[in-house]
Amino acid sequence: MAATSMCTVQLGSALTVPLFGQLGALGTAGLRLGWAGLILLAAIRPRPRDFTSRDLLACIVLGLVTAGMMVFFMQAIARLPLGTASALEFLGPLTVSLFGPRKGRLIWAAAAAAGVVLLTEPWHGGADPVGVGSALLAAGCWAAYILLTQRVGDRVTGLKGLAVSMPVAAVVGLGIAAPGLAEHLTWSPLWTMLALAVLSPVIPFALEFLALRHLTTSAFGTLMSLEPAIALMVGLLVLGQRPGTAATVGLVLVVMASVGATRAGVRPAASSERAPAFRYEPGPEPVRRDQDRAAVCRGSQPL
Numbered sequence: 001m002a003a004t005s006m007c008t009v010q011l012g013s014a015l016t017v018p019l020f021g022q023l024g025a026l027g028t029a030g031l032r033l034g035w036a037g038l039i040l041l042a043a044i045r046p047r048p049r050d051f052t053s054r055d056l057l058a059c060i061v062l063g064l065v066t067a068g069m070m071v072f073f074m075q076a077i078a079r080l081p082l083g084t085a086s087a088l089e090f091l092g093p094l095t096v097s098l099f100g101p102r103k104g105r106l107i108w109a110a111a112a113a114a115g116v117v118l119l120t121e122p123w124h125g126g127a128d129p130v131g132v133g134s135a136l137l138a139a140g141c142w143a144a145y146i147l148l149t150q151r152v153g154d155r156v157t158g159l160k161g162l163a164v165s166m167p168v169a170a171v172v173g174l175g176i177a178a179p180g181l182a183e184h185l186t187w188s189p190l191w192t193m194l195a196l197a198v199l200s201p202v203i204p205f206a207l208e209f210l211a212l213r214h215l216t217t218s219a220f221g222t223l224m225s226l227e228p229a230i231a232l233m234v235g236l237l238v239l240g241q242r243p244g245t246a247a248t249v250g251l252v253l254v255v256m257a258s259v260g261a262t263r264a265g266v267r268p269a270a271s272s273e274r275a276p277a278f279r280y281e282p283g284p285e286p287v288r289r290d291q292d293r294a295a296v297c298r299g300s301q302p303l
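Residues 1 to 303 in full-length UniProt numbering are what the sequence shown spells out, letter by letter.
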């Protein structure tokens, strides 16, 4: 589920890039969030009685974080190659992974970090500072998103938490995008963004909700190290962004880190209270059923 989520996110991001010229990075982010919020709200129809006040607050905060993650990442890929922006954004999940169990976790996190460095190639310089800053802000939002998604997913049944958080993200995203979107919006990109919203974020966010019920947040964070590698390949196939030798080595490192994290990162099953074991207590010899029936018919008690 996590791997499928990453593929759909990066494919949706790559297909969104050609629309930046017409709608802008903020406009595409706002429309994707708007459609996603409407789709989930109509499909799942959450009810207030399904949430406690604390769970509802967590869903609202998750919506704010989701909007920030989407808006900042769209700003980043408008200025940086898709693989580079995804690698920088991965610093958020990588930070989450460092707080997991000590056994083997630091090794996989270090391998993933080395892969991210090779993917970004900071020694070349010349990276757009606004793009880098946007990717780092998206990284912080992504780290918070992982922690909040697991909390909401554990406490709220099904995808009801996502059906509350996504409309909140839609309101925030559309509010940010509205000033520049009204002048350039036509019917054609509006329907195109509906299809892209299903591809990302509706499908991947739903899959991540389900995946985080089976993985620890630290393992999920390290598993997300596959995303820069997937972004690199999608950028090559869809956008024609060719990786160099260092980026290829980085891809191998992040795949190794992902495999190692997945093997060690399954969440323990919730323990349930066991019923006390049955103990045989010898008692008086039971009366045979046919004697009991006969006694009742005669109006007397069985011996």
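Glycine included, each C-beta is placed from N, C-alpha and C at the ideal position.
Start and end residues, alpha helix (DSSP H) containing residue i
{"i": "methionine 69", "result": "53-77"}
{"i": "threonine 186", "result": "Neither: threonine 186 is in no alpha helix (DSSP H) and is coded neither H nor E."}
{"i": "glutamate 227", "result": "226-239"}
{"i": "glutamate 121", "result": "It is not in any alpha helix (DSSP H) - glutamate 121 carries neither H nor E in the DSSP assignment."}
{"i": "proline 129", "result": "129-155"}
{"i": "serine 86", "result": "82-89"}
DSSP-derived helix/strand/coil call for residue i
{"i": "serine 271", "result": "Interpretation of serine 271 is limited by its pLDDT of 43, a score under 50 that renders its predicted location unreliable; the figure taken from the coordinates is listed afterwards. It is coil, neither helix nor strand."}
{"i": "phenylalanine 20", "result": "helix"}
{"i": "arginine 47", "result": "coil"}
{"i": "methionine 6", "result": "helix"}
{"i": "glutamate 281", "result": "With a pLDDT of only 47 at glutamate 281, under the threshold of 50, the placement of this residue in the model should not be trusted, and no figure is reported."}
{"i": "phenylalanine 205", "result": "helix"}
{"i": "leucine 159", "result": "coil"}
{"i": "methionine 256", "result": "helix"}
{"i": "proline 243", "result": "coil"}
{"i": "phenylalanine 99", "result": "coil"}
Beta-carbon contacts of residue i that lie in its chain and below 7 Å, excluding the five residues immediately before and after
{"i": "valine 61", "result": "Leu148"}
{"i": "residue 305", "result": "In the structure as shown, the chain begins at 1 and stops at 303. Residue 305 is therefore absent and cannot be evaluated."}
{"i": "methionine 256", "result": "Ala111"}
Cβ neighbour criterion (16 or more within 10 Å) applied to residue i
{"i": "isoleucine 107", "result": "exposed"}
{"i": "valine 116", "result": "buried"}
{"i": "alanine 182", "result": "exposed"}
{"i": "valine 71", "result": "buried"}
8 Å Cβ shell around residue i - same chain, five flanking residues per side excluded
{"i": "leucine 118", "result": "Ala246, Ala247, Val249, Gly250, Leu253"}
{"i": "histidine 184", "result": "Gln22, Leu23, Gly24, Gly27"}
Own chain residues within Cβ distance below 6 Å of residue i, not counting five before or after
{"i": "aspartate 55", "result": "Arg155, Val156"}
{"i": "proline 204", "result": "Ser5, Thr8, Val9"}
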